[in-house]
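Everything below concerns the one structure shown next.
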Amino acid sequence: MPRAKTPVAAPVVVSIGGSVLLTGEDDARYLNELLARLRRISDDLPLLVTVGGGRTAREYIRLGRALGLTEVELDEIGIDVTRLHARLLAAHAGPPTPTRPATTVAEAVAELRHAPLVFLGGTEPGHTTDGVAALLAVRTRAARLVNATDVAGVHARDPRTDPDAPVLDRVSWTDFRDLVHAGTTTEAGQNFLFDRFGADLLARAGIPLLIVQGRDLPNLENAIRGRPFRGSRVGPSGRR
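In numbering that gives the first Met the number 0, the protein residues as written are 0 to 239.
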């Protein structure tokens, strides 16, 4: 009698913000440990990882805007930076991770059939890497999307004006979407908590969004693995 196939775990999508990737503070050590953890996790869970452009992309976009480039052209410049960041991580990860990251969601999904750890930058103007991560999560029926960012989670009030604002460990999709839509536009090079298009996609698909401080690697690993973590969980009722 043939042996039953071992069930394949649902993938987890991780969106690493550019503000976390390159800070100017011991970046090489951070990237080494990040890659070691992602490789180890991918032995148990298929991972799709998007990488943002951060301040590097924003500087190029700022310069391009001063030179009169269109918003589409500025988006394309930002996408090039995210792909450079994805290439850096993919090359360091080594085989079987493709060293040249996919440039479309469809390519990344196809690569996941052959490699348990796949990296991706931006894809097209109008979509941030958070939005790309949401598309990947929906396309692959991911267990969750983990957003590794430069804040500890969703704060009750704007931490830039109220440093003592507490982090909310549970947030409903309704409240989160209201927050995201109020704080973002379609302009290239923004720095915001999460992409409005991505939030709408995840809410409709019922895929939970976990928001954590991306430089806290043990906590990031807990969130990716579905263990208790420090940060915010966005879901239908905000339940962990």
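Note that the Cβ used here is the ideal one computed from N, Cα and C, for glycine as well.
Alpha carbon of ASP25 to alpha carbon of GLU32, nearest angstrom: As a first step, residue 25 is located in the sequence shown; it is residue number 26 there, counting from the start. As a first step, residue 32 is located in the sequence shown; it is residue number 33 there, counting from the start. Taking the straight line from one Cα to the other gives about 11 Å.
How would you call ALA8, buried or exposed, if buried means at least 16 neighbouring beta carbons within 10 angstroms? The sequence position of residue 8 within the sequence shown is 9, counting from 1. Classification for ALA8: exposed.
Would LEU20 and LEU119 qualify as a contact pair, given that the criterion is a beta-carbon distance under 9 Å? Working through the sequence shown from its first residue, we reach residue 20 at position 21. Working through the sequence shown from its first residue, we reach residue 119 at position 120. The answer is no: Cβ separation not under 9 Å.
4 or more residues per run - each alpha helix (DSSP H) lying fully within the stretch 55 to 141: 70 to 92, 104 to 110, 128 to 139
Taking only heavy atoms of the ligand MN into account, decide whether any of them is closer than 8 Å to the Cβ of GLU110. Here there are no bound small molecules, and the ligand MN is not part of this structure.
I need the DSSP call for ARG159, collapsed to helix, strand or coil. Position 160 of the sequence shown, counting from 1, holds the residue named residue 159. In the structure shown, ARG159 sits in coil (DSSP, three-state: anything other than H, G, I, E or B).
Mind checking LEU62: buried by the 16 CB within 10 Å criterion, or exposed? In the sequence shown, residue 62 corresponds to position 63, counting from 1. Exposed is the call here.
Taking 8 Å as the limit between beta carbons, can you name the residues of its chain near ALA92, skipping five residues before and five after? On the sequence shown, residue 92 is found 93 positions in, with the first residue counted as 1. For ALA92, where only same-chain residues beyond five positions count, the Cβ hits under 8 Å are LEU34, LEU37, ARG38, LEU116, PHE118.
Return the CA-CA distance between LEU208 and PRO45, expressed in angstroms with no decimal places. Indexing the sequence shown from 1 puts residue 208 at position 209. Indexing the sequence shown from 1 puts residue 45 at position 46. If you take the alpha carbons of LEU208 and PRO45, they lie about 17 Å apart.
For ASP147, report the span of its beta strand (DSSP E) as first-last. Your numbering for residue 147 matches position 148 in the sequence shown. Here residue 147 is Ala; the residue named in the question, Asp, does not match the sequence. 143 to 148 is the extent of the beta strand (DSSP E) around ALA147.
Within 10 angstroms of the Cβ of LEU66, are there 16 or more other Cβ atoms? Answer buried if so, exposed if not. Here residue 66 refers to the residue found at position 67 when the sequence shown is read from its first residue. It counts as exposed.
Would you say GLY120 faces chain B, with C-beta separation under 9 Å as the test? No chain B is part of this structure, which consists of one protein chain only.
Supposed close pair VAL153, VAL137 - CB separation, criterion 8 Å: Indexing the sequence shown from 1 puts residue 153 at position 154. Indexing the sequence shown from 1 puts residue 137 at position 138. Contact flag wrong, Cβ pair sits at about 21 Å.
ILE223 beta carbon less than 9 Å from that of VAL145: Indexing the sequence shown from 1 puts residue 145 at position 146. Indexing the sequence shown from 1 puts residue 223 at position 224. Yes. Within cutoff.
Please classify PRO10: does DSSP put it in a helix, a strand, or coil? Along the sequence shown, read from residue 1 onward, the residue named residue 10 stands at position 11. Three-state result, PRO10: coil.
Give the single residue among PRO158, ARG195, ALA164 whose Cα lies nearest to the Cα of ASP174. As a first step, residue 174 must be located in the sequence shown, where it is residue number 175. The shortest C-alpha separation from ASP174 is found at ARG195.
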